[in-house]
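Q: Numbering (my numbering), first residue to last: 2 to 441.
Cβ coordinates follow ideal geometry from the N, Cα and C atoms, glycine included.
Source: prediction; values computed, not measured.
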């Protein structure tokens with residue numbers, strides 16, 4: 002059943018990257034300068050997301066040709082996504098975070114590594130050295146792209162984008178459009194930039210409690226105490242694999258006495274939640290909370306347009322006593338996760354957004370399950386081919402567990418689970434992970 006993958010000893014610690022050229026790229030047409038409204042969902046995710054897209058060598062496309070096409074496509078994309086060429090700012094009158102569409106541009110970097118892709122280890126392992134494939138600019142652009150060649154002819158595209166600009170699904174649409182522009186084709190999807198579709202109601206109406214949110218003024222360290230903060234403890238990384246057979250077994254176990262069907266995400270999240278909650282010392286009478294993202298595009302009335310380009314994901318939650326996590330039925334834990342997702346109705350989402358207008362809050366929980374499993378970055382068809390692997394740049398966050406597609410999965414619809422925990426907690430997590438799988 003579930004098996005551990007690589008540890009840090011198996012990967013290259015230094016990718017030996019040399020930066021050859023750093024430039025600022027601008028929209029290929031002159032754009033109107035304006036203020037760009039951000040929803041309360043956009044405003045609360047004001048941090049960068051770094052993603053890596055690895056490509057095999059393509060004899061028809063030299064690295065120089067890829068760089069030229071990618072740069073031109075980005076210039077054209079900034080016409081259709083003009084806010085990406087702007088900068089975040091606090092509106093002096095409203096005191097709201099917004100984007101100043103000032104056409105200051107995005108960053109574009111060309112670099113090279115002295116290694117071959119085959120030498121840097123399993124691409125699925127969250128190698129800290131991957132940070133060398135990402136560009137961080139003091140100018141704080143909303144988008145920065147670093148294109149890095151490897152000695153084998155393969156290359157990596159490293160994107161840094163502000164989460165306030167995109168969620169995972171809208172970033173996937175951006176990549177589809179970028180690929181289309183690189184191939185001199187029409188946009189794959191016409192983007193919808195009207196974020197007022199997710200504006201708070203006037204007056205705001207909070208009709209649901211949100212126990213998963215903490216008021217920032219109630220937290221002594223504010224946002225730094227959130228589940229998104231990087232851990233200051235020493236942590237070990239592991240990749241734990243669930244095969245299709247494992248996921249099917251979890252689904253069977255989750256049926257319980259009701260014989261209800263469950264999604265792969267729900268059973269995986271319940272399994273991870275139980276392992277994470279019980280891997281550290283706990284009070285059996287206390288409670289544990291798991292957080293996970295729910296796409297609200299289709300849950301709103303009316304639904305958001307297909308090409309909605311902003312953040313349309315809210316944090317759902319499930320809570321249980323530690324005693325229930327340890328001794329309770331697995332089917333009940335899965336049901337709690339399912340209820341958390343189903344709770345996200347149109348009115349619940351609108352109430353959540355309205356709450357942000359009254360008092361900012363931030364999700365709190367013992368673990369956040371962040372799914373990159375089916376975003377489809379690896380399916381984007383560029384002129385030089387599809388990526389051989391895509392992944393986020395992983396940081397030392399012990400309370401965030403990532404679900405990502407396995408490298409070279411072929412026909413196996415399995416999943417890789419990236420976990421970062423202090424050594425003793427990691428040992429306990431792995432033991433529980435396998436034990437609970439065997440009990441299935």
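May I ask which residues mark the beginning and end of the alpha helix (DSSP H) holding residue 272?
A: First-last of the alpha helix (DSSP H) with residue 272: 265-279.
Q: Alpha carbons only, please: which of 323, 311 and 130 is nearest the one belonging to residue 195?
A: For the residues 323, 311 and 130, the minimum Cα distance to residue 195 belongs to 311.
Q: Starting from residue 169, trace the alpha helix (DSSP H) in both directions and tell me its first and last residue.
A: Residue 169 -> alpha helix (DSSP H) spans 169-183.
Q: Taking the alpha-carbon of residue 61 as reference, which of 70, 54 and 37 has the nearest alpha-carbon?
A: Selected option, being the one with the closest Cα: 70.
Q: Are the Cβ atoms of residue 323 and residue 289 separated by less than 8 Å?
A: Going by C-beta atoms, residue 323 is nearer than 8 Å to residue 289.
Q: Which residue spans inside the region 12-87 form an unbroken alpha helix (DSSP H) run of at least 4?
A: Taking only runs of at least 4 residues, the alpha helix (DSSP H) segments lying wholly in the region 12-87 are 41-45 and 64-81.
Q: Roughly how far, in whole angstroms, is the beta-carbon of residue 166 from the beta-carbon of residue 84, given that I think they are within contact range, below 8 Å?
A: Indeed they touch by this definition, with Cβ atoms about 7 Å apart.
Q: Rounded to whole angstroms, what's the CA-CA distance from residue 5 to residue 144? Just pull it up for me.
A: Because the pLDDT of residue 5 is 48, which lies under 50, any placement of that residue in the model is unreliable, and the question is left without a value.
Q: To which residues of the same chain is residue 300 closer than 7 Å at the C-beta, ignoring the five residues directly before and after it?
A: Here the set comprises 345, 346, 347 and 350.
Q: For residue 425, count neighbouring Cβ atoms within 10 angstroms of its own Cβ and tell me buried if that reaches 16, exposed if not.
A: So residue 425 counts as exposed.
Q: Please confirm whether residue 124 and residue 209 have their CB atoms less than 8 Å apart.
A: Going by C-beta atoms, residue 124 is not nearer than 8 Å to residue 209.
Q: To the nearest angstrom, how far is the alpha carbon of residue 102 from that of residue 35?
A: Roughly 5 Å separates the two Cα atoms.
Q: Would you check if there are 3 or more beta carbon pairs closer than 8 Å linking the region 182-189 to the region 370-390?
A: In short, these stretches touch, since the Cβ pair count reaches three.
Q: Under DSSP, the alpha helix (DSSP H) around residue 354 begins and ends at which residues?
A: That run of the alpha helix (DSSP H) goes 347-359.
Q: Between residue 234 and the rest of its own chain, which residues show a CB-CB distance below 7 Å, the 5 nearest in sequence each way excluded?
A: Within the same chain, residue 234 has close Cβ partners 399 and 423.
Q: Might you give, ordered along the chain, the residues of its own chain that have their beta carbon closer than 8 Å to the beta carbon of residue 100, omitting 5 neighbours on each side?
A: Counting only Cβ-Cβ distances below 8 Å, and skipping sequence neighbours, we find 36, 37, 39, 84, 87, 88, 89, 90, 143, 165 and 166.
Q: Look at the alpha carbon of residue 43 and the alpha carbon of residue 114, and state the distance between them as a whole number of angstroms.
A: Their Cα atoms are separated by approximately 35 Å.
Q: Under a three-way DSSP split, which group does residue 107 fall into?
A: Strand at residue 107.
Q: Tell me which residue opens and which closes the alpha helix (DSSP H) that residue 432 is part of.
A: Taken as a continuous stretch (DSSP letters only), the alpha helix (DSSP H) holding residue 432 covers 424-440.
Q: Does DSSP classify residue 421 as helix, strand or coil?
A: Three-state DSSP puts residue 421 in a strand.
Q: Should residue 404 be labelled buried (16 or more other beta-carbon atoms within 10 Å of its own) or exposed?
A: Buried, because 16 or more other Cβ atoms sit within 10 Å of the Cβ of residue 404.
Q: Is the region 366-379 touching the region 388-399, taking contact as three or more C-beta pairs under 8 Å?
A: Yes, since at least three Cβ pairs between the region 366-379 and the region 388-399 fall closer than 8 Å, the two stretches touch.
Q: Could you name the residues that DSSP lists as bridge partners for residue 291?
A: Per DSSP, 319 and 368.
Q: Mapping DSSP to helix, strand and coil, what is residue 142?
A: Three-state result, residue 142: coil.
Q: Please name the residue, chosen from 57, 80 and 41, that lies closest to residue 33 on a Cα-to-Cα basis.
A: Answer by Cα proximity: 80.
Q: Restricting to Cα atoms, I'd like to know which of 306, 332, 277 and 171 is closest to residue 261.
A: Considering only alpha carbons, the answer is 332.
Q: Thinking C-alpha only, which one of 371, 77, 149 and 150 is nearest residue 26?
A: Measuring from the Cα of residue 26, the nearest candidate turns out to be 77.
Q: Does residue 304 pass the burial test, meaning 16 or more other C-beta atoms within 10 Å, or should it be called exposed?
A: Exposed, since its Cβ has fewer than 16 Cβ neighbours within 10 Å.
Q: Which term fits residue 267, buried or exposed, when burial requires 16 or more other beta carbons within 10 angstroms of its beta carbon?
A: Label assigned to residue 267: buried.
Q: Would you call residue 191 buried or exposed, if buried means 16 or more other Cβ atoms sit within 10 Å of its Cβ?
A: Per the 10 Å Cβ criterion, exposed.
Q: Could you work out which residue in 367, 259 and 126 is closest to residue 275 when comparing CA atoms only?
A: Closest option to residue 275, Cα to Cα, is 367.
Q: What is the C-beta distance between residue 106 and residue 134, in whole angstroms, given that I count them as a contact (C-beta under 8 Å)?
A: Wrong, their Cβ atoms sit about 21 Å apart, outside the cutoff.
Q: Using the C-alpha atoms, what's the distance from residue 295 back to residue 110?
A: Computed Cα separation, rounded: 34 Å.
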